[in-house]
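Data first, discussion second: the structure below is written as C-alpha cells.
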Amino acid sequence: MKPEAWLLIALALLAGCDPPQPPAKSYAGLGQEAGAFNPVTRNHALVFPRDHAAHNGFRIEWWYVTANLRDSQGREWGAQWTLFRSALRAGPETLGWDSPNLWMGHAALTGPGGHQSGETLARGGIGQAGVQAQPFRAWINDWSLQGSDDIGQLQMSAGGQGFAYRLMLHSSGPLVLHGDQGYSEKSGKGQASYYYSQPFYQVTGEVEHDGQRVAVTGKAWLDREWSSQPLAAGQSGWDWFSLHLDSGAKVMLFRVREDAGPPYRAGTWISATGETQVLSGEQIQLQALAWTTQQNGKQVPTRWRVQLPAQGLDVQVEALEPQAWMNTRFPYWEGPVRISGSVGGRGYLEMTGY
Amino acid sequence: MSALLLTMQALLSHWRRHRVQGLSIITGLWLATALWTGVQALNSQARNDYARASAVVAGPAHAQLVAPGAQRFDQALYLQLRQLGWAVSPVVEGRLRFAAEQPLSVRLIGIEPLSLPPATNIAGIAAQDFDLQAFIGTPGQAWVGPDTLQQLGVKPGEQAVTSDGQVLPTLVLTPQLAPGIVIVDIGHAQALLHAEGQLSRLLLTDDSKPLPDAIAARLERQPGEDDTGLQRLTESFHLNLSALGLLAFVVGLFIAHAAIGLALEQRRGLIRTLRACGISLGTALSGLALELGVFALLGGLLGVATGYLLAAALLPDFAASLRGLYGASVAGHLTLSAEWWLIGVAVSVLGALLAGASSVLRAARLPLLALAQPQAWRLAQGPWLRRQAWLAGLLLLLALACYLWGNSLPTAFTLLAALLLASALLLPSVLDALLGGLARRCREPLTQWFVADSRQQLPAVSLALMALLLALAASVGVGSMTEGFRRTFTGWLDQRLAADLYVTPRDTAQALQVRDWLATQSAISTLLPSWRVELTLQGWPVQVQGIIDDPGYRSRWPLLELRAQAWEQLAGGTAVMLSEQLARRLGVQLGDRLQVLPAPAPGMTVVGLYADYGNPKGHVLVNADWLRRQRADAALSGISVNLPAEGIAPLKHELQARFALDDSRVVEQSTLKRWSTDVFSRTFAATAALNSLTLGVAGIALFISLLSLGQQRLGQLAPLWALGVRRGQLAWLSLGQTLMLSSLTVLLAIPLGVLLAWCLVAVVNVQAFGWRLPLYLFPRQLLQLALLGVLTSLLASAWPLWQLARRQPAELLRQFADET
C-alpha cells in the first residue's frame, strides 16, 4: 500500500515516524482536507457508551488492547489487539463500498517462542469491519473485541500465521480520561486527540502458539484515541508506556520525539482505585539504557530507566522479548515489558519511528 | 582459412554475373520468411493478449470461488468467508457498452485492492503500490490500456460515458493492461454494472482448506489454472492462419530452391576447377554452406522486417474479426519480443537449408573429374518424374487415410497439405504426358519444336509452375469457401433474424418491465421473450436459450435436421434442439438423450439440429417455462418483436426513451444483419489478403524462373535464329510456350482448387468450427482466378522475353562459339 493520506495520518498518530518517501501530494491533500474533519477541542465531554463506538466525523481512531499474561508454568506472554479506523474523507459512514472508512487490524502474541504478529485490512460500509456501541462490538474479518455496553466485560480474539488467542477481560476499576478530561495534547503546538483508557482488566483465556494451546491469566489495558490532526511537522516518532505496577497503581507515559529540540512528554498516574494525576513533561524522566537490533536492521531501545520523582517511581523497564518487531506494512516495535526497581510490575511498550 | 577465402571469392564471383539469380534466392527466402513470420506475429500477439487478459486479476496460480453457472452471487458470502478467517478477495465483472464510432463493449473488472492476495499484480502494479485514495475515492480511477483508450476516443484524465449515460471514474492509462479491459474499484464497478452487493468471483489465497458446508453449497472452487478459454475458442482460427502462412512459406521456398539449384548447376564447372586446383571437398562444401548461410541471414532479416510490417498492416482486420467472432480483445499494435525476431531468422535459415541442402549434397557427390556440363536441362527426366510420381502416390494415400480416419484439425490440415503436395509433385508428369500427347499430333517442324522444347523446359520451370498451381488452387479453394460461407451465412441470417426489432434489456428486472410494456402495444404482432442460462457442458461453454411456443419459430428457425413433432416436443419441455457444432462436439445425434442441466433436472431428447454460425459457444434451445422451472436464475436476456414496418422507428424511440436503452440495446434487424456480415467480411479479409499475397509470390517464382531460364535458353534459341526465325518471332514463340505451360497449370489448378474447397468446407470447417457448409462453385470467380493466373504468368514472362527480343545477333552467334 502506498503511504497515502490515511496511512500517513494513521502512522503520524500511531508513530509520528517518517514514512518511506512520502509523496508530496499526500501532504497537500492533508492540508486541504483537514478542515472538513471534526476538530479536537478542549472542554468536550466524553459520553459513554457512545464514545466506545466509531467517531465518523474524525479522521483517525483506534481501539488498542495490550495484555500481560502468565501460564500455569509461570511463563510470561503478551497479547496485542489493535483496530485502526481511518477515513478517506470527512462525513458520516455510508453503506456500501463507497464508505469513507478503511480499517486495519494488528495482532501479536509474544511468548517463550518469540514474537508473532499479523495484520488484516478491510473496507468500511459493507460490514467487513466496524465498531458499534450497544452491545459493544469491534471487529475486522475474523478478529473481534466484543462484550457489554460499558466494556466492563470483553471477549478478545485474533490470530495470524502460527498464533491465535481467545481472552476474556473483566474490568475491576473505572475508565480513565487522560489529559484534560480526555483532551490529550501531543505537542506544544496544539496537536491533540481524545484519549481514554480502561487499564483495570483482569484476563483469563488461552493463547495458541504453533498449534499448542496454553491457558493464561493476567492483566490488560485498553486505549481509545481519536483525532483529525496529524502530529506536528518535525515530530519523528514516539515511545509509549503502559505500566501495571505491583502496588496496584498504573502509569501511562509517552514522549514524542522531535527532530530538533527535546521530546514532548506527557502521562497519567492512575491510583489503584482509578484516581488520576496528569503528568507534565518536566515530571517525567525517560532514559534509554540498552538497544537491540531488529530484524530489519533498526536499533530500538529495549531497556529504559523511568523516573517519576513526584510519585517516588524509579524503575527499569525491560522488554520481555527484545525482538518484538511488528512486521506489518508499517513496522514498529510493540511488546510486553518487565518492571523492576522501586516497584515491580509488568506493562507494554510501543516505539515507533525508529 | 585462406583456401576457404579463395573458394568463397570464386564462388561469390558467380553472383556478379547472375545478379538476378542471387536476388531470386534472397527474394524466395525473404517472402517465405515474411509471410510466415507475419502470420506468426499476428498469432503470437493474439495469444499474448489472451494471456494478459486472463491474468489481469488472477495471478497465475490463484484458485477462485465462483457460483455454479458463473452467475453473480451475494456479497454476503464474501463477508461470511472473511469472518471465518478466509483470505478471499472479491471481484465483480461485466461488460460496459460505449457508443463510440463502432459500438464498443469492454470488460469491466472491479477489484478490491485492500484484500488482494499479497503477491498479486494488477497490470504490472503490485497490490501494495496502489494509490488507494485516488483509486477507491470519488470519482476514482478507471485503468485502461492504450488500445482501449484509443477506441473510446478519450484521453487519460477524462471520464468516459457509457451508452447508458453512466460516467466512468477518471481514466488512467495503464500501458500493461490487456486491451478491452477496464479496471476500477469494486464499488465503482458494482454501481456501473447495476450489481450492488453482487460479486462474480472470489480470489483464493489459501487453496488447501476445505470450504465450509454453508459456502460449498453456493460456491464452487475453480482451480488456479489460467483461463485458457479464449485460447481454446480461437485455436482453430489461429491454426487456419498458420496453415495459410505455411503455404506461403512453402511457395517461397520453391523459389529459393529453384534458384539455388540453378546456381549450383551453373557452377559445376567452377567447383570442378576449384577441386582440380587442390581445394578440398570439405572447403568447397564449407564455402557453399557459408554462402547459403549469408543468403539465409539476408533473406531472414529482410523477411522478419517485412513480416512485421505485414502483420502490422493486417492487424486491425485481424483484431476486429477476433473481437467480432469470439469477443477476444487483441491490441491494435504489435509488441513483439526479441525471441520472435530470432525465431524469424531461424525460420529463414531453416528454409535456406531445406531449399539448398539437396544442392550442397549433390555438390558433395560430384565426381572430381566429371564433365562440367550444365545439367539444368539435361536432367534425365524419366526417373526423376517417376520418383516424384511415386512420392505423390504415397502422399495421396496419406491424404486418403487422413480423410477416412482423421478426426481433428491437424489431420484435416495434413489432408490438405498431402493433397496439395501430391498434386504439385504430379504436375510435371501430368504436363509432360499432356505435351507428349500434343507432340504426336504436331506435323510442322516449328510446332514440333515448340512442343518438344516446352517439354525440355519442364524441369527448369516445373518448380515455378508448382508454385503457381498451389497458389492458384489455394485461391480457388479459399475463395469458394469464403464466398460459399458468405452466401450460406447471409441466407441463414435472413431466416434466423426474422424479427423486426431486438431488445436486450440491462437485466431481468428491466426485461420484465419492457416485456410487460410491449405486451400493451397494439401495433405489435408477435412478442418473443427468450431466457438464457450460461453453463458448461462436458467442459464446453454453452448457452441454453429458453423460448416460448410460437408458430413463428416453426417457419423461421432454420433446422438442419429434425424429427417429427420436434417443435411440439420442445414446447412440451421434453426435448431440446442443439446447434450443429455442439452436437458434433458432444457426439450427439437426433433421438439421443442429453442431460442439459445437471441432475435432478431430467434428461431430454434431442429432436433438432440447427446451424449457429459464428458462435464459438455451444447453443441449446429449450422451452422457456421448463428452463425457468429448473433454473430460477435464468435471465430474460432478449425480446424480439415483430410489427408493421412503419411502426418500427417510433417503437424503438419510445423504448429508448422510456427505459433509457441505448442503440446497442434496441437494434433493428437491418443493423444487426449489417453488424453480423461485417464481422464475417473482416474475418476473411486477413485470409483473402494472405491468399492474394501467396498468388503474388507464385507469380514472382515464375518470373524468376523464366528470367534465369531466359539467360540460359539462348543456346536453344540460337539454332532457330540461325535457321531463319526472326528474333521477334522467337520471343513470341517463347511467350506462347510460357502461356501454354501456365495455362495448362491453371486448368489443372481449377479442379484441384475445387477439391480443396470441398476439403475446406466439409473437413476443415467441421473440425475447426464445428459446422459443415454446402459446397458452392462460382464460375465467374473461377474464370477470374484462371485469368489472373494466366495474367500473372504473362506478366512474369514479359520482361525476360522483352530482353530476349532485344538480344543482339552477336550474342546469339556467340552461343555457337561457346558451345564446345
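Protein sequences appear in the order of chains A and B. Going letter by letter, the first sequence gives residues 1 to 354 in the UniProt record's numbering. Going letter by letter, the second sequence gives residues 1 to 820 in the UniProt record's numbering. Each residue gets a CB set at the ideal place from its N, CA and C atoms; glycine is no exception. Quantities reported herein were computed from a predicted structural model and do not represent experimental measurements.
Taking 8 Å as the upper bound for CB-CB distance, residue 635(B) and residue 496(B) are not in contact here, some 21 Å apart.
Between the alpha carbons of residue 306(A) and residue 332(A) lies a gap of roughly 21 Å. In this structure, 111(B) is the residue among 111(B), 214(B), 695(B) and 147(B) with its C-alpha nearest to the C-alpha of residue 130(B). Taking 8 Å as the upper bound on Cβ-Cβ separation, chain B lies near residues 96, 97, 98, 102, 121 and 122 of the region 95–122 of chain A. Between residue 69(A) and chain B, the shortest Cβ-Cβ separation is not below 8 Å. Residue 577(B) sits away from residue 593(B), with the two beta carbons spaced by 8 Å or more. For chain A, the residues of the region 72–83 of chain B that bring a beta carbon within less than 9 Å of one of its beta carbons are 75, 76, 78, 79, 82 and 83, in chain order.
Nearest C-alpha to residue 97(B) among 363(B), 148(B), 319(B) and 2(B): 148(B). In the structure shown, residue 153(B) adopts coil according to DSSP, grouped into three states. Taking 8 Å as the CB threshold, residue 351(B) stays off the interface with chain A. Residue-level contact check: residue 59(A) does not touch chain B, since none of the beta carbons of chain B fall below 8 Å from its beta carbon. Less than 8 Å divides the Cβ of residue 117(A) from the Cβ of residue 108(A). One alpha carbon belongs to residue 192(B), the other to residue 165(B), and they sit about 10 Å apart.
In the three-state reduction of the DSSP assignment, residue 213(B) falls in the helix class, which pools H, G and I. Spanning the alpha carbons of residue 10(B) and residue 25(B) requires a straight line of approximately 18 Å.
The secondary-structure analysis by DSSP pairs residue 87(B) with nothing; it has no beta-bridge partner. Sequence-distant Cβ neighbours of residue 248(A) in its own chain, meaning closer than 7 Å and more than five residues away, are 272. Residue 588(B) carries a coil assignment under DSSP once its states are collapsed to helix, strand and coil. Contact between the region 383–390 of chain B and the region 416–433 of chain B is established, with three or more Cβ pairs separated by less than 8 Å.
Using a CB distance cut-off of 8 Å, residue 109(B) does not count as an interface residue toward chain A. Rounded to the nearest whole angstrom, the C-alpha separation of residue 171(B) and residue 91(B) is 20 Å.
Residue 337(A) is not a Cβ neighbour of residue 344(A), given a cutoff of 8 Å.
Residue burial is scored here from C-beta neighbours: residue 520(B) has fewer than 16 other C-beta atoms within 10 angstroms and is therefore classed as exposed. For residue 310(A), the closest alpha carbon among the candidates 303(A), 298(A) and 282(A) is that of 282(A). In chain B, no part has a C-beta under 7 Å from the C-beta of residue 147(A); the shortest such distance is about 18 Å. The C-alpha of residue 275(A) is placed about 19 Å away from the C-alpha of residue 194(A). Bounds of any alpha helix (DSSP H) do not take in residue 282(A), whose DSSP letter is neither H nor E.
Between residue 610(B) and residue 637(B), the gap from beta carbon to beta carbon reaches 8 Å or more.
Here residue 567(B) is buried, its C-beta having at least 16 other C-beta atoms within 10 Å. Under a 10 Å Cβ-count criterion, residue 41(A) is classified as exposed, with fewer than 16 other Cβ atoms of the shown protein chains found around its own Cβ. Around the beta carbon of residue 296(A), a 10 Å sphere encloses fewer than 16 other beta carbons of the protein chains shown; the residue is thus reported as exposed. Just measuring C-alpha positions, the residue of 44(B), 94(B), 748(B) and 18(B) sitting nearest residue 434(B) is 748(B). One finds nothing in chain A with a Cβ atom closer than 8 Å to the Cβ of residue 183(B); even the nearest lies about 15 Å away. Residues of the region 73–92 of chain A with a C-beta less than 9 Å from any C-beta of chain B: 88 and 89, listed in chain order.
Against chain A, the CB of residue 477(B) has no partner CB under 8 Å away; the residue lies outside that interface.
The beta carbon of residue 53(A) sits closer than 7 Å to those of 131, 132 and 133, all from its chain and outside the five residues before and after it, given in chain order.
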